[in-house]
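Working notes, structure below.
In the UniProt record's numbering, the protein residues as written are 1 to 277.
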């Protein structure tokens with residue numbers, strides 16, 4: 001069901017916040033009103049492209065949207081607006097999924113850009129880091145995927161390898177040539193982790209990243225690694241609040257039960273949080 005109306009949008013971040021608030025708070029009553037509301041911070045196309053009729057766009061990848069819907073959540077896309085607006089957004093949601101996209105600006109972990117750093121988008125980083133920190137403080141359920149894992153680690157005080165060529169342990173191919181719905185390499189998962197309950201201790205995952213976690217943030221624990229010791233998943237050290245993975249389960253969930261369970265668990269964790277509406 002589409003809960004949104006098509007409106008002409010002024011170039012005003014405050015207007016965007018009010019519009020999203022209207023859309024969420026005017027959802028119909030009934031079973032949909034009880035589904036956990038999941039914020040999806042948007043990726044951004046700021047360069048005109050004929051893919052979308054030469055208009056810029058804020059968007060979320062369809063596989064992630066569909067995976068959350070199938071798991072029982074109600075996903076709503078958030079544009080990257082002023083970080084000061086996070087406090088207006090956050091009470092509307094039970095969970096936040098940080099998804100893939102450009103590299104995280106290395107100045108957020110006190111480094112200058114290296115030669116092999118990819119494209120960055122600082123406006124998105126600023127918004128998502130503030131969204132992350134307030135989400136942690138308010139005990140929202142959090143899922144990180146690929147860049148999302150890296151953003152979570154940086155936002156909570158960790159660092160990254162700007163390119164895997166800088167990681168002395170990296171020996172495997174972490175940017176697969178195969179389709180994203182195909183697995184690429186195995187990982188080893190801590191048997192005491194949430195992720196091991198969902199996927200077992202030796203799952204087969206896809207791989208599309210050129211950066212990786214270097215120093216783990218103080219409140220997180222590395223709970224999965226590839227055979228070359230590249231970190232593949234993080235969780236909150238003392239709670240079930242954060243589960244973040246370096247691969248893309250949204251591209252495999254339709255035919256891979258272990259990937260589907262990542263989203264089911266996320267919605268279950270979000271459902272435990274007290275609704276604010």
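Built from N, CA and C at the ideal position, the CB exists for glycine as well.
- Excluding its 5 nearest sequence neighbours in each direction, residue 260 has C-beta neighbours in its own chain below 6 Å: 253, listed in chain order.
- Counting other Cβ atoms within 10 Å of its Cβ, residue 90 reaches 16 or more and is therefore classed as buried.
- Distance from the CA atom of residue 157 to the CA atom of residue 108, rounded to whole angstroms, is 9 Å.
- Around residue 127, the same chain offers 80, 83 as residues with beta carbons nearer than 6 Å, after the five sequence neighbours per side are excluded.
- Just so you know, the alpha carbons of residue 169 and residue 77 end up roughly 37 Å apart.
- Inter-segment contact for the stretch 121-141 and the stretch 60-75 is absent: fewer than three beta-carbon pairs are separated by less than 8 Å.
- Judged by DSSP in its simplified three-state form, residue 200 adopts coil rather than helix or strand.
- Within the DSSP bridge table, the entry for residue 75 names 38 as partners.
- The stretch 96-112 and the stretch 35-44 touch, with no fewer than 3 CB-CB distances between them shorter than 8 Å.
- For the pair residue 116 and residue 150, the CB atoms are not nearer than the 8 Å cut-off.
- Going by C-alpha positions, residue 208 is about 11 Å away from residue 182.
- Counting only runs of 3 or more residues that sit fully inside the stretch 160-216, the beta strand (DSSP E) segments are 185-189, in chain order.
- At least 8 Å separates the beta-carbon of residue 191 from that of residue 205.
- Counting along the chain, residue 128 sits inside no beta strand (DSSP E); it lies in the alpha helix (DSSP H) bounded by residues 122-137.
- In the DSSP assignment, residue 220 falls within the beta strand (DSSP E) that extends over 220-226.
- Beta-carbon to beta-carbon, residue 152 and residue 265 are separated by about 16 Å, too far to satisfy the 8 Å threshold.
- A buried status is given to residue 199, since no fewer than 16 other beta-carbon atoms sit within 10 Å of its beta-carbon.
- Annotation: the continuous alpha helix (DSSP H) that includes residue 258 extends over 257-272.
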